[in-house]
Amino acid sequence: MNRSDSAPTSSAPGDGVRRIAAPVVLQARWVLPMQGDALPDGQLRVEQGRVVELGRRLTTRALDLGSCVLLPGLVNPHCHLEFSTLRQPLGHPGVSFPDWVQQVIQWRSSQQASSAAEPQAPWRQGLEEAAARGTAVLGEILSHPAQHIPPAEWPRLVVFFELLGPTPTRAEEAKARAEAFFRHVPDRRWLGWGLSPHAPYTVHPRLLAWAVAQSRQRRVPLQFHLAESPAELELLRRGTGPLAELLRRAGAWCPDVFASPVRPLEWLQAMQKAHRVLVVHGNYLSAEEHRYLAGQRKRFSLVFCPRTHAYFRHEKYPLAELVAQGVRVVLGTDSRASSPDLALLEEARFAAAEHRLDPHVLLRMITRDAARALGLESTWGRIVPGAPAMFTLVYPAEDTPPRPGTEAAEAILHGKLRRVELLVCTAECSPTTPR
Ligand SMILES: [Zn+2]
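Following my numbering, the numbering of the sequence shown begins with 816 at its first residue and continues without gaps.
Next comes the structure, spelled out in structure tokens:
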């Protein structure tokens, strides 16, 4: 089945962001803390924007959120917000990856003139959309100056500055842009930041080595697209194929880099000394590379973007096998250039339909495991005392409410949904009446 053939989905009515003033005790039909057992009719005491207690029957005066599943705020580790104004993905379902890259290049150059008036528009729109679909934390791959990101209360951001530099000269230019980005980081209210050397065909090995050194020295994560398409593997093995042509046409061909065969494993090994690494896609990694990621799980996570994967009609992703092997797999939306929207829960629901996996394992991929991949495991991705009071509420459809004996995770991954909300508890704002 390839559901990306159907029309792009749109935001369900009623999705949005809800603010509630703390101190408050919240009650939901189900609380999934993502650590320990699910709590039917669970309650959370929130003070000063933080969870202080959770359990059952803390009080008889709780604010009842109704028949919903309350999760920690969802964590989307991988997105490119610059494409958020696209109404549908570039190309068509089944487009070859090099053709799609060509369309991205054309689209970017067409945007340069039109977005000059309001350069922040795609980021503003993308952040609003992600929040309205329940995302609390978002890992943004930024290929523009930091000023393109508007100040936003949510989702909270981890911004990865993208490094593109396939030749030694361009690699030096990319470093200079990154240095300018470093100077802006302290002014921003981001949750964190990192670097994203883009991919083996756009990053000179010397630039990758520099990024790894920066990651280690500054203790920040890296994101790297790897083994995404058969064309990339052909380039690495033989230095030929459509990506080689694309690089030549762009005046970005560096023959030394592809003079002898290279495996994705060697690129993985080149990042072994980084502080933390998110390998993005990895659609065509070998069994040996899977073993490497499992063995290096303290440092490495693998980001799977299910609807983007389906859009390109890649070979079946070995999701269950990777999990069984011990690879930390997390789910991302990627961007609107290859996915219908920025609804992270829809990525998990899509994966649930395509892969046989425990629903709790899938939900971990968009909560605690995703937080771990980004280095945020001490506070995000779990509901524990001290965690930020930012939650995702999922309301199953009227006809399939979670009942005692019905798995809440099952209901929100496999059943119909009424709406999804991001719930933010703040000490400052005025209370709103829950619907
Ligand atoms: Zn990406």
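We put the beta carbon where it would ideally sit given N, CA and C, even for glycine.
Partner residues in the beta bridge of Cys1240, as assigned by DSSP, are Ile835. With contacts defined by Cβ atoms closer than 9 Å, Gly1230 and Ala1212 form a contacting pair.
Note on Asp1156: 16 or more other CB atoms within 10 angstroms of its CB, so buried under the neighbour-count rule. The beta strand (DSSP E) runs lying completely inside the stretch 829 to 890 and spanning 3 residues or more are 831 to 836, 839 to 846, 854 to 862, 865 to 870 and 884 to 887, given in chain order.
Proximity of the beta carbon of Asp1149 to ligand 1 is indicated: a heavy atom of the ligand is located closer than 8 Å. At the C-beta level, Pro887 and Arg1183 come within 9 Å of one another. The beta carbons of Ser882 and Ser1150 sit no closer together than 9 Å. For Glu1043, no alpha helix (DSSP H) encloses it, and the DSSP letter there is neither H nor E. The beta carbon of Val1144 sits no closer than 8 Å to any heavy atom of ligand 1. Secondary structure of Tyr1210 (DSSP, three-state): strand. Per the DSSP secondary-structure output, Trp1008 pairs in a beta bridge with Val974. CA-CA distance, Glu1047 to Ala1067, rounds to 15 Å.
Rounded to the nearest whole angstrom, the CA to CA distance from His1175 to Thr875 is 29 Å. The straight-line gap separating the alpha-carbon atoms of Pro934 and Gly1201 is approximately 37 Å. The beta carbons of Leu885 and Thr1194 sit no closer together than 9 Å.
Set against 8 Å, the gap from the CB of His907 to the closest heavy atom of ligand 1 is not smaller. Distance between His1105 and Leu873, taken at the CA atoms: about 45 Å. Of the other Cβ atoms in all chains shown, 16 or more fall within 10 Å of the Cβ of Arg971; this residue is therefore buried. Taking a cut-off of 8 Å for Cβ pairs, the stretch 947 to 954 and the stretch 968 to 982 touch, as three or more such pairs fall below it. When C-alpha distances from Ser1153 are compared across Val910, Leu889, Arg860 and Arg871, the shortest belongs to Val910. Annotation: Ile1181 is outside any beta strand (DSSP E) and is labelled neither H nor E by DSSP.
Pairwise C-beta distances place the stretch 1032 to 1044 in contact with the stretch 1002 to 1022, as three or more of them are shorter than 8 Å. Taking Val1018 as reference, the option from Ala1028, Thr982 and Phe997 with the minimal CA-CA separation is Thr982. Around the beta carbon of Ala1223, a 10 Å sphere encloses 16 or more other beta carbons of the protein chains shown; the residue is thus reported as buried. The Cβ neighbour count for Gly857, taken over all protein chains shown within 10 Å, is at least 16; the residue is labelled buried.
Looking at the DSSP output, Ile964 sits in no beta bridge, so it has no partner there.
The beta carbons of Leu1108 and Leu1177 sit no closer together than 9 Å.
The bridge partners DSSP lists for Cys894 are Glu955. DSSP lists Leu1010 and Val1092 as the bridge partner or partners of Leu1037.
Taking C-beta atoms as the reference points, Val973 and Glu955 count as a pair closer than 9 Å. Under the DSSP assignment, Val1000 falls outside any beta strand (DSSP E); it carries neither an H nor an E label. Per DSSP, reduced to three states, the secondary structure at Arg1234 is strand. Leu859 and Ala1059 have their alpha carbons spaced roughly 55 Å apart.
Not one heavy atom of ligand 1 sits closer than 8 Å to the Cβ of Val1092. In this structure Leu1100 is not in contact with Pro1121, their Cβ atoms being roughly 16 Å apart against a cut-off of 8 Å. Under the three-state reduction of DSSP, Gly1110 is assigned to helix.
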